[in-house]
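In our numbering, the protein residues as written are 11 to 187.
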(Lines of atoms letter the chains of each structure in order from A; the text may use other names.)
(Lines give C-alpha, C1' and ligand atoms only; values in the text may rest on other atoms or scores of the structure.)
Protein backbone atom coordinates (compact mmCIF):
# COMPACT_ATOMS: atom_id res chain seq x y z
CA UNK A 11 0.00 0.00 0.00
CA UNK A 12 1.40 3.40 -0.98
CA UNK A 13 0.89 6.20 1.51
CA UNK A 14 1.12 9.78 0.32
CA UNK A 15 2.06 12.77 2.43
CA UNK A 16 -0.67 15.24 3.17
CA UNK A 17 -0.10 18.67 1.67
CA UNK A 18 1.39 21.24 3.99
CA UNK A 19 -0.84 23.96 2.56
CA UNK A 20 -4.47 24.02 1.50
CA UNK A 21 -4.04 25.43 -2.01
CA UNK A 22 -7.75 25.20 -2.80
CA UNK A 23 -8.62 27.03 0.42
CA UNK A 24 -6.09 29.78 -0.34
CA UNK A 25 -7.52 30.23 -3.83
CA UNK A 26 -11.07 30.34 -2.41
CA UNK A 27 -9.94 33.07 0.03
CA UNK A 28 -8.48 35.13 -2.84
CA UNK A 29 -11.73 34.74 -4.81
CA UNK A 30 -13.69 35.85 -1.76
CA UNK A 31 -11.45 38.91 -1.61
CA UNK A 32 -12.29 39.59 -5.28
CA UNK A 33 -16.02 39.49 -4.46
CA UNK A 34 -15.43 41.97 -1.63
CA UNK A 35 -13.41 44.24 -3.95
CA UNK A 36 -16.30 44.13 -6.44
CA UNK A 37 -18.70 45.25 -3.68
CA UNK A 38 -16.43 48.21 -2.98
CA UNK A 39 -14.76 47.02 0.24
CA UNK A 40 -11.47 48.69 1.10
CA UNK A 41 -8.25 46.70 1.33
CA UNK A 42 -8.22 47.19 5.11
CA UNK A 43 -11.78 45.84 5.37
CA UNK A 44 -10.86 42.80 3.28
CA UNK A 45 -7.78 42.14 5.42
CA UNK A 46 -9.88 42.27 8.60
CA UNK A 47 -12.68 40.17 7.12
CA UNK A 48 -10.39 37.43 5.83
CA UNK A 49 -7.89 37.72 8.71
CA UNK A 50 -4.89 38.13 6.43
CA UNK A 51 -2.14 40.72 6.17
CA UNK A 52 -2.69 44.01 4.42
CA UNK A 53 0.32 43.26 2.21
CA UNK A 54 -1.39 40.12 0.88
CA UNK A 55 -4.61 42.00 0.22
CA UNK A 56 -2.62 44.71 -1.56
CA UNK A 57 -1.03 42.11 -3.87
CA UNK A 58 -4.42 40.52 -4.49
CA UNK A 59 -6.01 43.90 -5.26
CA UNK A 60 -3.26 44.75 -7.74
CA UNK A 61 -3.67 41.39 -9.51
CA UNK A 62 -7.48 41.63 -9.43
CA UNK A 63 -7.53 45.18 -10.82
CA UNK A 64 -5.26 44.17 -13.71
CA UNK A 65 -6.64 40.73 -14.56
CA UNK A 66 -9.88 40.16 -12.70
CA UNK A 67 -10.71 37.00 -10.77
CA UNK A 68 -8.63 34.93 -13.21
CA UNK A 69 -5.49 36.68 -11.97
CA UNK A 70 -6.15 35.34 -8.46
CA UNK A 71 -6.09 31.71 -9.57
CA UNK A 72 -3.58 29.55 -7.77
CA UNK A 73 -0.27 28.71 -9.37
CA UNK A 74 -0.68 25.02 -8.54
CA UNK A 75 1.44 22.83 -6.37
CA UNK A 76 4.49 24.16 -4.57
CA UNK A 77 7.95 22.70 -4.75
CA UNK A 78 9.68 20.30 -7.06
CA UNK A 79 7.68 17.49 -8.57
CA UNK A 80 8.59 14.04 -7.28
CA UNK A 81 10.95 12.03 -9.47
CA UNK A 82 9.07 8.78 -8.85
CA UNK A 83 5.41 8.45 -9.74
CA UNK A 84 2.99 6.05 -8.08
CA UNK A 85 3.76 3.26 -10.59
CA UNK A 86 7.49 3.57 -9.84
CA UNK A 87 6.85 3.49 -6.09
CA UNK A 88 4.64 0.42 -6.49
CA UNK A 89 7.39 -1.37 -8.45
CA UNK A 90 9.97 -0.47 -5.80
CA UNK A 91 7.70 -1.77 -3.03
CA UNK A 92 7.06 -5.04 -4.88
CA UNK A 93 10.82 -5.55 -5.23
CA UNK A 94 11.37 -4.72 -1.57
CA UNK A 95 8.76 -7.27 -0.52
CA UNK A 96 10.47 -9.99 -2.60
CA UNK A 97 13.55 -9.42 -0.47
CA UNK A 98 17.18 -8.49 -1.03
CA UNK A 99 18.24 -11.94 -2.27
CA UNK A 100 15.68 -11.78 -5.08
CA UNK A 101 17.33 -8.52 -6.16
CA UNK A 102 20.78 -10.12 -6.26
CA UNK A 103 22.14 -9.19 -2.82
CA UNK A 104 24.05 -11.71 -0.72
CA UNK A 105 22.12 -11.30 2.56
CA UNK A 106 18.53 -10.78 3.66
CA UNK A 107 19.08 -7.25 4.98
CA UNK A 108 17.84 -4.12 3.25
CA UNK A 109 20.17 -1.16 3.73
CA UNK A 110 19.75 2.35 2.36
CA UNK A 111 22.59 1.92 -0.16
CA UNK A 112 21.00 -1.32 -1.39
CA UNK A 113 17.59 0.33 -1.70
CA UNK A 114 19.24 3.23 -3.55
CA UNK A 115 20.73 0.74 -5.99
CA UNK A 116 17.38 -1.03 -6.37
CA UNK A 117 15.57 2.25 -7.13
CA UNK A 118 18.21 3.21 -9.70
CA UNK A 119 17.95 -0.21 -11.36
CA UNK A 120 14.14 -0.24 -11.49
CA UNK A 121 13.43 3.39 -12.33
CA UNK A 122 16.64 4.96 -13.57
CA UNK A 123 16.36 7.61 -10.84
CA UNK A 124 19.46 8.06 -8.71
CA UNK A 125 19.08 9.16 -5.09
CA UNK A 126 21.64 9.71 -2.35
CA UNK A 127 21.26 6.92 0.24
CA UNK A 128 20.60 9.53 2.91
CA UNK A 129 17.40 10.58 1.12
CA UNK A 130 16.01 7.10 0.51
CA UNK A 131 14.62 6.90 4.05
CA UNK A 132 12.00 9.50 3.03
CA UNK A 133 10.79 7.25 0.23
CA UNK A 134 10.75 4.31 2.61
CA UNK A 135 8.62 6.32 5.04
CA UNK A 136 6.29 7.26 2.20
CA UNK A 137 5.89 3.55 1.47
CA UNK A 138 5.14 2.85 5.13
CA UNK A 139 8.44 1.10 5.87
CA UNK A 140 10.45 1.82 9.00
CA UNK A 141 13.90 0.86 10.30
CA UNK A 142 13.95 -2.50 12.03
CA UNK A 143 16.29 -4.21 14.44
CA UNK A 144 17.31 -7.84 13.96
CA UNK A 145 14.94 -10.32 15.64
CA UNK A 146 17.80 -12.49 16.81
CA UNK A 147 21.45 -12.19 17.75
CA UNK A 148 24.19 -13.08 15.33
CA UNK A 149 25.11 -16.78 15.34
CA UNK A 150 28.80 -15.81 15.50
CA UNK A 151 28.37 -13.85 18.75
CA UNK A 152 30.68 -15.03 21.56
CA UNK A 153 29.37 -13.81 24.92
CA UNK A 154 32.40 -15.12 26.84
CA UNK A 155 34.81 -13.15 24.64
CA UNK A 156 32.66 -10.04 25.06
CA UNK A 157 32.65 -10.39 28.87
CA UNK A 158 36.42 -10.86 28.92
CA UNK A 159 36.97 -7.81 26.70
CA UNK A 160 34.72 -5.64 28.90
CA UNK A 161 36.51 -6.80 32.06
CA UNK A 162 40.12 -6.53 30.83
CA UNK A 163 40.50 -4.40 27.72
CA UNK A 164 37.76 -1.80 28.15
CA UNK A 165 39.16 -0.22 31.34
CA UNK A 166 42.51 0.28 29.54
CA UNK A 167 41.05 2.03 26.49
CA UNK A 168 38.28 3.95 28.24
CA UNK A 169 38.89 7.70 27.91
CA UNK A 170 38.08 9.04 31.37
CA UNK A 171 40.75 10.74 33.43
CA UNK A 172 41.37 9.35 36.87
CA UNK A 173 40.90 11.46 39.99
CA UNK A 174 44.58 12.53 40.20
CA UNK A 175 44.54 13.79 36.61
CA UNK A 176 41.58 16.07 37.41
CA UNK A 177 43.53 17.82 40.15
CA UNK A 178 42.05 15.94 43.07
CA UNK A 179 44.25 14.49 45.71
CA UNK A 180 43.53 12.96 49.06
CA UNK A 181 44.38 16.31 50.67
CA UNK A 182 42.01 18.39 48.48
CA UNK A 183 39.25 15.89 47.84
CA UNK A 184 36.49 16.69 50.37
CA UNK A 185 34.94 13.25 49.87
CA UNK A 186 38.09 11.49 51.07
CA UNK A 187 38.18 13.27 54.46
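Glycine included, every Cβ here is placed at the ideal spot set by N, Cα and C.
Nothing here was measured: the structure is a model prediction, and the numbers come from that model.
query = Between which two residues does the alpha helix (DSSP H) carrying residue 120 extend?
reply = As a working mapping, residue 120 is identified with position 110 in the chain shown. Taken as a continuous stretch (DSSP letters only), the alpha helix (DSSP H) holding residue 120 covers 110–121.
Residues near residue 118 by beta carbon distance below 8 Å, same chain, minus five either side = Your numbering for residue 118 matches position 108 in the chain shown. The answer, listed in chain order, is 124 and 125.
ask   = Where do the ends of the alpha helix (DSSP H) carrying residue 103 lie?
value = In the chain shown, the residue the question calls residue 103 occupies position 93. No alpha helix (DSSP H) holds residue 103; DSSP gives it neither H nor E.
task = Out of 129, 155 and 107, state which residue places its alpha-carbon closest to the alpha-carbon of residue 145.
result = What you label residue 145 is simply residue 135 of the chain shown in a count that begins at 1. Nearest C-alpha to residue 145: 107.
ask   = Comparing alpha-carbon positions, which option in 132, 112 and 86 lies nearest residue 97?
value = Residue 97 sits at position 87 when you count from the first residue of the chain shown. Cα-wise, what sits closest to residue 97 is 112.
key: Simplified DSSP state of residue 126, which is helix, strand or coil   = Taking the chain shown and counting its residues from 1, the one referred to as residue 126 is at position 116. Three-state DSSP puts residue 126 in coil, outside helix and strand.
key: residue 20 in three-state terms, based on DSSP   = For this step, residue 20 is matched to residue 10 along the chain shown. Reduced to three states, the DSSP call for residue 20 is coil.
query = On the three-state DSSP scale, how would you describe residue 139?
reply = Taking the chain shown and counting its residues from 1, the one referred to as residue 139 is at position 129. Looking at residue 139 - three-state DSSP - the assignment turns out to be coil, as it is neither helix nor strand.
ask   = Any contact of the stretch 57–76 with the stretch 99–106, i.e. 3+ C-beta pairs under 8 Å?
value = no
request  = Using only alpha-carbon positions, find the residue among 50, 21 and 81 that is nearest to residue 31.
outcome  = Taking the chain shown and counting its residues from 1, the one referred to as residue 31 is at position 21. Among 50, 21 and 81, the Cα nearest to that of residue 31 belongs to 50.
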